[in-house]
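Below: one structure, written as structure tokens.
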DNA sequence: CCAGTAACTTGACACAGTGTCAATTGACAC
DNA sequence: GTGTCAATTGACACTGTGTCAAGTTACTGG
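Protein chains in written order, with our numbering: chain A, 962 to 1158; chain B, 962 to 1158.
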């Protein structure tokens, strides 16, 4: 079979990409580094991915599948109240970020030179926003959305709160554990978005 | 006097840098673009700044002076209560970000290739953190710091809340006005950090 | 077993951007 | 007028991305 070897190499490149980005926090990883880690020549990478950003985008998609993003989202989707949904969504995302951090950071930094990377990152963040919207709308449906918010503005604010740079600041810079991060963000979100009533 | 022309050119480069970065949101601005905008040759820029990151760092310092960052900080420093200090600091910083956004973003993106840029940005953010700490300590001194926080964790959280990417998300991506941003961040901060008592 | 095909290798090169160097020009100061 | 220093010009080294062409290896199907 011809495709098995193709897929194999492709997968090896993706695994190597993720490994390198994870190890170097997404900074300063070159195509030649990834090729070396994959055990193939630099040029051969281009037989599978058109460009660096193409590879980065594919790596994020691959990671989402590998980490079973849909499976992990199931608990929050099954929540029976708005508050529960909000809590479980933060729980999911807060524990997910550390696993995608390297790739996310690389995509974030590639925005400088590369328009395609910027678009791809925005797309990935739009998906995360859907989860935020669902949680806020669940709150709104329960009449437990704190006063002063519209569903749109509350979604904006929750989405922003959960952005990767915030996780980065609190854990990498301030030395918080992921558990601390999750707990505090939950507390801030509850105080900000959930009506006391 | 010989130094007047030197300073003049240096200043022209800094103004051109800020102008270009502002106009292009900090993305894809090259040394040759800055030189062109300054009306000098690309190589001449290196007579005044050792490297691109050196120029970016100098531009942020120059901007801080030009925008009179100390003068703008005076109101929050003169606050007579912790709550007032918190509010006025958010007011200051929230209105300051849009003016430094281009340069800030460029420095942020330069982190990829450049270690010096990363260090410089962290230094600038450390300065912003001092303002956060002062506000939190003022709250703590008034016994109005919300329960569940230590001064350290509250400073971490407030500092993170005020980071540039959050302003970027809410204004650039979500379409909020700066006034909206300032008001909502104030509300979130008050609900999160100020004791109801 | 042999022919063909597809992945991969190697070496070369184009291109963009940063940073350096040397020789030259031009202005201003003493 | 002569020296000094900013700035110019042209050339070049270096890094990283992306492309191309020619050759090699390995598997596949007749």
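Heads up, the beta-carbon is just placed ideally off N, CA and C, and yes, glycines get one too.
Please read these numbers as outputs of a predicted model, since none were measured by experiment.
Using beta-carbon distances, residue 1132 (chain B) does not count as an interface residue toward chain A, since no partner is under 8 angstroms. DSSP places residue 1155 (chain A) within a strand segment (E or B) once states are collapsed to three. The secondary-structure analysis by DSSP pairs residue 1106 (chain A) across a beta bridge with A:1155. In the DSSP assignment, residue 1020 (chain B) falls within the alpha helix (DSSP H) that extends over 1013-1027. Between the stretch 1050-1068 of chain B and the stretch 1133-1143 of chain B, the count of Cβ pairs shorter than 8 angstroms is three or higher; the stretches touch.
The criterion of a C-beta distance shorter than 8 angstroms is satisfied by residue 992 (chain B) and residue 1013 (chain B).
About 6 angstroms separates the CB atoms of residue 1061 (chain A) and residue 1024 (chain A); that is less than 8 angstroms, so the two are in contact. In terms of Cβ geometry, residue 1115 (chain B) and residue 1063 (chain B) do not form a close pair [threshold 8 angstroms]. Residue contact with chain B for residue 1156 (chain A): absent (no Cβ-Cβ distance below 8 angstroms to any residue of chain B). Remark: C-beta atoms of residue 1154 (chain A) and residue 1097 (chain A) approach each other more closely than 8 angstroms.
For the set B:1104, B:1039, B:1120, the Cα lying nearest the Cα of residue 1157 (chain B) is the one of B:1104. Within the stretch 1070-1100 of chain B, contact with chain A at the beta-carbon level (separation under 7 angstroms) is assigned to 1070, 1072, 1073, 1074. Per DSSP, the unbroken alpha helix (DSSP H) holding residue 1120 (chain B) starts and ends at 1112-1122. In chain order, 1100, 1103, 1105, 1151, 1155 place their CB closer than 8 angstroms to the CB of residue 1044 (chain A), counting only its own chain and leaving out the 5 sequence neighbours on each side. Linking residue 1127 (chain A) to residue 1041 (chain B) through their CA atoms gives a straight-line distance of about 30 angstroms. Residue 989 (chain A) reaches chain B at 1073, 1074, counting residues in chain order whose Cβ is nearer than 8 angstroms.
Cβ-Cβ distances below 7 angstroms link residue 995 (chain A) to 974, 977, 978, 981, 1006 in the same chain, with the five nearest sequence neighbours on each side left out; the list follows chain order. Residue-level contact check: residue 1109 (chain A) touches chain B, since one or more beta carbons of chain B fall below 8 angstroms from its beta carbon.
Residue burial is scored here from C-beta neighbours: residue 1090 (chain B) has at least 16 other C-beta atoms within 10 angstroms and is therefore classed as buried. Taken through DSSP and simplified to helix, strand or coil, residue 970 (chain B) comes out as helix. Around the C-beta of residue 1111 (chain B), fewer than 16 other C-beta atoms lie within 10 Å, and the residue is accordingly described as exposed. Comparing C-alpha distances from residue 1034 (chain B) to each of B:1095, B:1108, B:1136 shows the shortest one belongs to B:1095. Listed along chain B are 1121, 1122, 1124, 1126, 1127, each with a C-beta nearer than 9 angstroms to that of residue 1127 (chain A). Residue 1009 (chain A) carries a coil assignment under DSSP once its states are collapsed to helix, strand and coil. For residue 1135 (chain B), the closest alpha carbon among the candidates A:1122, A:1132, A:1133 is that of A:1122. Against chain A, the beta carbon of residue 1153 (chain B) has neighbours under 9 angstroms at 1148, 1149, 1152, 1153, listed in chain order. Under a criterion of Cβ atoms nearer than 9 angstroms, the residues of chain A adjacent to residue 1117 (chain B) are, in order, 1130, 1131, 1134, 1135, 1136, 1137, 1145. With respect to the 8 angstroms criterion, residue 1109 (chain A) and residue 1148 (chain B) are classified as neighbours on the basis of their beta carbons. Sorting A:1092, A:1021, A:1030 by C-alpha distance to the C-alpha of residue 1069 (chain A) places A:1021 at the top. Of the other Cβ atoms in all chains shown, fewer than 16 fall within 10 Å of the Cβ of residue 1088 (chain A); this residue is therefore exposed. Counting the other CB atoms within 10 Å of its CB gives residue 1130 (chain B) a total of 16 or more, which places it among the buried residues. Selection A:1002, A:970, A:988, A:1077 evaluated against residue 1066 (chain A) yields A:988 as nearest (Cα-Cα). Scanning the stretch 1065-1099 of chain B for uninterrupted beta strand (DSSP E) segments of 3 residues or longer gives nothing; none is fully contained.
Its Cα nearest to that of residue 1019 (chain A), the residue A:1078 stands out among A:1078, A:1093, A:1049.
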